[in-house]
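Colleague:
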Amino acid sequence: MNHTTELTDRYVIAASRSLPRRQGREFARELEERIRDDIDARVASGSSAPDAAEFDALAALGDPARLAARYADRPPMLIGPRWYATWKRVLVITEWSAVPAVAGAYLLAQFITGEVDAGTFGTTWFVLLTTGIYIAFFTTVVFAAIDRAPASDEADVVAWSPRDLPAVAGASPAERRVGLIATLAWLAVIVGLVVWQQFGPSRWGHLEGMLPVLDPALWSFWLPYFLVLVGLEAVMAVWIFRSGWTWPAAAANIVLDLAWAVPSIWLIVTGALFAPGFVELFEANLDADAQQVLPILLVAGIVAGALADAIVGVVNAMRRSRRDALGLVGTAVPARP
């Protein structure tokens, strides 16, 4: 019967990514062969059911990070081999979630209080760096204490399972197709809303006549410009569907993010994005502080969205590159007699 190699590929990638490329490629081939041999042996001996043999073989190998450390003969002794992998996971998750949030909250507070000056962004970088250092220091101290506690032994370490393996780089063809359809549908909705808000029959509040959200003067250049970007986003979605995430695709994605974010922020800051009547409708019910905060929140949302989208593209391209360098194709294991 057939045994898929997706779980095996995920294990091999997780075990090889911390090694140098040449050593990692050699290790990946050896490890993949070792796993397949173990699967064959388990199926032949009857110790594992055919559909469970791959899972059992990976579970017997244990945490891929520890397996790679033993192969490289470089025990990670910063914390200790028992807790190093767990420390690294916790540190990465905490840094990526907490540091941007703290720096963003500080910058937003400066905008709200009106204390923004030429040194604000430099101070924000200092806050970001300081927060990262403090998180790394105290996380390391906690794990060092746990590692050196008298009661700490191998049984205390969180049990590892093949279910903990990260997803393999790149979605399946079916998932990419669903993503393409969803993206194209969302882009069509955006185009429809932009056109409808300008020429639709809706009336807003007590004002007479139609009240568009976006300033009609933007049709002279900016709205056609953004509609062209929508078309380019559709082309980008088809590119990703056909080829997956590559470094050229990630670079093009960053250019598109900047093409959206920079003009949008400029239009918000200059007050040229929204129709005058639409702004008046909201300003009548907002105090001065709220009127100052809303544009800041919009700008922060645009920056955060563009940055997140760019990071996702770069990470996906990096994973794809790493997978290609290891020579893994992710095909099914040949049928077993």
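Everything in the sequence shown is counted per this note's numbering, starting at 3 for the first residue and increasing by one. All C-beta atoms in this analysis are idealised placements derived from N, C-alpha and C, irrespective of residue type, glycine included. Here the structure is a predicted model, which is why all the values come from computation and not from measurement.
Between the beta-carbon of L177 and the beta-carbon of G134, is there less than 9 Å?
Modeller: Within the sequence shown, the letter at position 175 stands for residue 177. Within the sequence shown, the letter at position 132 stands for residue 134. Note on identity: in this sequence residue 177 is Glu, with Leu being the wrong assignment. No.
Colleague: Using DSSP with H/G/I as helix, E/B as strand and the rest coil, what is L216?
Modeller: Counted from its first residue, the sequence shown places residue 216 at position 214. L216 falls in the strand class under three-state DSSP.
Colleague: Hey, quick one: how far does the alpha helix (DSSP H) through A254 stretch, first residue to last?
Modeller: Here the question's residue 254 lines up with position 252 in the sequence shown. It spans W249 to V271 - the alpha helix (DSSP H) in which A254 sits, taken as one unbroken run.
Colleague: Do I15 and A30 count as a contact pair if the criterion is CB distance below 9 Å?
Modeller: For this step, residue 30 is matched to residue 28 along the sequence shown. For this step, residue 15 is matched to residue 13 along the sequence shown. In this structure, I15 lies closer than 9 Å to A30 by Cβ.
Colleague: Quick one: is Y13 buried, meaning 16 or more other Cβ sit within 10 Å of its Cβ, or exposed?
Modeller: By 1-based counting over the sequence shown, the position of residue 13 is 11. Under this definition Y13 is a buried residue.
Colleague: Assign F145 to one of three DSSP states: helix, strand, or coil.
Modeller: Counting from 1 along the sequence shown, the entry for residue 145 is found at position 143. Correct three-state label for F145: helix.
Colleague: Bridge partners of F276, per DSSP?
Modeller: Here the question's residue 276 lines up with position 274 in the sequence shown. DSSP lists L216 as partners of F276.
Colleague: In this structure, does DSSP put L296 in helix, strand or coil?
Modeller: Indexing the sequence shown from 1 puts residue 296 at position 294. Reduced to three states, the DSSP call for L296 is helix.
Colleague: Taking just the CA atoms, how far does A254 sit from N318?
Modeller: To locate residue 318, count along the sequence shown from 1; it is residue 316. To locate residue 254, count along the sequence shown from 1; it is residue 252. Rounded to the nearest angstrom, the two C-alpha atoms are 13 Å apart.
Colleague: What are the start and end residues of the alpha helix (DSSP H) that includes G48?
Modeller: Within the sequence shown, the letter at position 46 stands for residue 48. G48 -> no alpha helix (DSSP H), and no H or E assigned at all.
Colleague: Measuring CB to CB, does L33 end up less than 9 Å from S20?
Modeller: By 1-based counting over the sequence shown, the position of residue 33 is 31. By 1-based counting over the sequence shown, the position of residue 20 is 18. It is not a contact, given that the beta carbons lie outside the stated cut-off.
Colleague: Rounded to whole angstroms, what's the CA-CA distance from L9 to R322? Just pull it up for me.
Modeller: Counting from 1 along the sequence shown, the entry for residue 9 is found at position 7. Counting from 1 along the sequence shown, the entry for residue 322 is found at position 320. Rounded to the nearest angstrom, the two C-alpha atoms are 16 Å apart.
Colleague: Could you check the C-alpha separation between W198 and A184 for me, to the nearest Å?
Modeller: Mapped onto the sequence shown, residue 198 falls at position 196. Mapped onto the sequence shown, residue 184 falls at position 182. About 21 Å.
Colleague: Any contact between the region 236-253 and the region 301-316? By contact I mean 3 or more CB pairs, one from each, below 8 Å.
Modeller: Touching, yes, given that three or more Cβ pairs across the two stretches are closer than 8 Å.
Colleague: Beta-carbon separation of I148 and V101 under 9 Å?
Modeller: On the sequence shown, position 146 is the one that residue 148 refers to. On the sequence shown, position 99 is the one that residue 101 refers to. Going by C-beta atoms, I148 is not nearer than 9 Å to V101.
Colleague: Assuming V92 contacts T141 (C-beta within less than 8 Å), just tell me the rounded distance between them.
Modeller: On the sequence shown, position 90 is the one that residue 92 refers to. On the sequence shown, position 139 is the one that residue 141 refers to. About 6 Å separates the two Cβ atoms, so the contact holds.
Colleague: Rounding to the nearest angstrom, what Cα-Cα distance links G246 and F276 in this structure?
Modeller: Position 244 of the sequence shown, counting from 1, holds the residue named residue 246. Position 274 of the sequence shown, counting from 1, holds the residue named residue 276. Distance between the alpha carbons of G246 and F276 is about 37 Å.
Colleague: What is the residue span of the alpha helix (DSSP H) that S245 lies within?
Modeller: The residue given as residue 245 occupies position 243 in the sequence shown. Note, S245: alpha helix (DSSP H), W224 to S245.
Colleague: Starting from P66, follow the alpha helix (DSSP H) in both directions and report where the run begins and ends.
Modeller: Here residue 66 corresponds to residue number 64 of the sequence shown, with the count starting at 1. From DSSP, the alpha helix (DSSP H) with P66 extends over P66 to A74.
Colleague: Suppose only complete runs of 3+ residues qualify. What are the beta strand (DSSP E) ranges in the region 85-113, listed by chain order?
Modeller: Taking only runs of at least 3 residues, no beta strand (DSSP E) segment lies wholly in the region 85-113.
Colleague: Below 8 Å on the Cβ atoms is my guess for P83 versus R68; work out the distance and round it to an integer in Å.
Modeller: On the sequence shown, position 81 is the one that residue 83 refers to. On the sequence shown, position 66 is the one that residue 68 refers to. Contact holds; Cβ gap of about 6 Å.
Colleague: Going by Cα to Cα distance, which pick from L216, L186, V281 and A190 is closest to W241?
Modeller: Locating residue 241 in the sequence shown gives position 239, where the first residue counts as 1. Closest by alpha carbon: L186.
Colleague: Does the distance from the CB of A239 to the CB of L195 come in under 9 Å?
Modeller: Here residue 239 refers to the residue found at position 237 when the sequence shown is read from its first residue. Here residue 195 refers to the residue found at position 193 when the sequence shown is read from its first residue. Cβ atoms of A239 and L195: not closer than 9 Å.
Colleague: How is P164 classed by DSSP in three states: helix, strand or coil?
Modeller: One-based indexing of the sequence shown puts residue 164 at position 162. Reduced to three states, the DSSP call for P164 is helix.
Colleague: So the candidates are V180, A308, V281 and V264; which of them puts its Cα closest to the Cα of F243?
Modeller: As a first step, residue 243 is located in the sequence shown; it is residue number 241 there, counting from the start. Looking at the Cα atoms, V180 is the closest of the given residues.
Colleague: Could you give the C-beta distance for V193 and L229, rounded to a whole number, given that I count them as a contact under 8 Å?
Modeller: As a working mapping, residue 193 is identified with position 191 in the sequence shown. As a working mapping, residue 229 is identified with position 227 in the sequence shown. About 6 Å; that satisfies the 8 Å criterion.
Colleague: Suppose you measure from the CA of T125 to the CA of Y108; what does that come to, to the nearest Å?
Modeller: The residue given as residue 125 occupies position 123 in the sequence shown. The residue given as residue 108 occupies position 106 in the sequence shown. One C-alpha to the other measures close to 9 Å.
Colleague: By how many angstroms is the C-alpha of G307 removed from the C-alpha of W188?
Modeller: Residue numbering aside, residue 188 sits at position 186 when the sequence shown is read from its first letter. Residue numbering aside, residue 307 sits at position 305 when the sequence shown is read from its first letter. If I take the Cα positions, the gap works out to 16 Å.
Colleague: What did DSSP end up calling G134 once you bin it into helix, strand or coil?
Modeller: Walking along the sequence shown from the start, residue 134 turns up at place 132. In the structure shown, G134 sits in a helix (DSSP, three-state: H, G or I).
Colleague: Between the alpha carbons of W268 and V215, how many angstroms are there, rounded?
Modeller: One-based indexing of the sequence shown puts residue 268 at position 266. One-based indexing of the sequence shown puts residue 215 at position 213. C-alpha separation (whole angstroms): 17 Å.
Colleague: With distances taken from CA atoms, which of Y227, V271, L260 and P278 is nearest L300?
Modeller: Counting from one through the sequence shown, the residue named residue 300 turns up at place 298. Looking at the Cα atoms, V271 is the closest of the given residues.
Colleague: With DSSP collapsed to three states, give me the class of A151.
Modeller: Numbered from its first residue, the sequence shown carries residue 151 at position 149. Note: A151 maps to coil in three-state DSSP.
Colleague: A151 and I81 - do their beta-carbons sit closer together than 9 Å?
Modeller: Within the sequence shown, residue 81 is the residue found at index 79, counting from 1. Within the sequence shown, residue 151 is the residue found at index 149, counting from 1. No; because the gap between Cβ atoms is not below 9 Å, this pair is not in contact.
Colleague: With distances taken Cα to Cα, identify the nearest neighbour of W249 among V305, L225, R324 and V191.
Modeller: On the sequence shown, residue 249 is found 247 positions in, with the first residue counted as 1. Checked all of V305, L225, R324 and V191; the closest Cα to W249 is R324.
Colleague: State the DSSP-derived secondary structure class of R19, mapped to helix, strand or coil.
Modeller: As a working note, residue 19 is residue 17 in the sequence shown. The answer is coil: DSSP assigns R19 none of H, G, I, E or B.
Colleague: Within 10 Å of its beta-carbon, does G26 have 16 or more other beta-carbons around it, so buried, or fewer, so exposed?
Modeller: The residue given as residue 26 occupies position 24 in the sequence shown. Flag for G26 reads buried.
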